[in-house]
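J.:
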Amino acid sequence: MVGTAVVKAAYTSPQVIVIMTLATLAFFSAPLYELTAPWRLVGLGLLLAAALLGMLGLVLATMVFIAVLTGMRSFGTPYFEPWAPFRWQDWKDVLWRVPWADYRTRLSAARPLQRVTGNRPRTQPVHLRRGRQR
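Start counting the sequence shown at 31; every next residue gets the next number (the numbering used here).
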């Protein structure tokens, strides 16, 4: 109702109303209170870009945001691992999760000392074993 009135009065474009709505909904979806401030800043940045340049500004701001995240590292590991930098062998569990017992090589982003894992015995989990617990 208010958004329609603002668009009809030509104060803003419909894209800005959509971005404001998405930013507001994203604010309420944060699982931790500590994460609300960074997401609010990101939402305001996207809102400002959409207000200044419209859809082009939104796309450019999103591309810059993803480029910044791609360049970040957390504990020495790329932030977007395994999506960027792309390594085909590290994509084992991106689309389909593989059981831990089927992993034979470690992720190259972890810079392991041994690339191939050792032989692990296939045992049943403790909660599935029968008989007395030792």
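Every residue, glycine too, gets a C-beta built ideally from N, C-alpha and C.
(1) Pull up the distance between the alpha-carbon of S104 and that of F110, whole angstroms please.
(2) What are the boundary residues of the alpha helix (DSSP H) that includes F58?
(3) Does the segment 36-54 come close enough to the segment 80-93 to have 3 or more Cβ pairs within less than 8 angstroms?
(4) Name the two residues that bound the continuous alpha helix (DSSP H) containing W69.
(5) Going by DSSP, what residue range makes up the alpha helix (DSSP H) through G33?
(6) Looking at L76 and T51, is the spacing between their C-beta atoms short of 9 angstroms?
(7) Let me make sure I understand the geometry here. Which of F95, L86, G87 has the alpha-carbon closest to that of L69?
(8) Let's test the definition: count the other Cβ atoms within 10 Å of the Cβ of G101 and tell me whether it reaches 16, buried, or not, exposed.
(9) I need the straight-line Cα distance from P61 to Y41, nearest angstrom please.
(10) For R103, which residues does DSSP report across the bridge?
(11) Taking the straight line between their C-alpha atoms, what separation do you get for L10 and T135?
(12) Could you pull out every residue in the same chain whose Cβ sits closer than 8 angstroms to the Cβ of P108, ignoring the five residues on either side in sequence?
T.: In brief:
(1) 10 angstroms
(2) If you look at F58, you'll find it in the alpha helix (DSSP H) that goes 44-58.
(3) yes
(4) 66-83
(5) 32-38
(6) no
(7) Looking at the sequence shown, residue 69 is not Leu but Trp. Residue F95 is the option with its Cα nearest to W69.
(8) exposed
(9) 34 angstroms
(10) P108
(11) Limits of the chain in this structure are 31 at one end and 164 at the other, which puts residue 10 out of reach.
(12) T100, M102, A114, P115, A139
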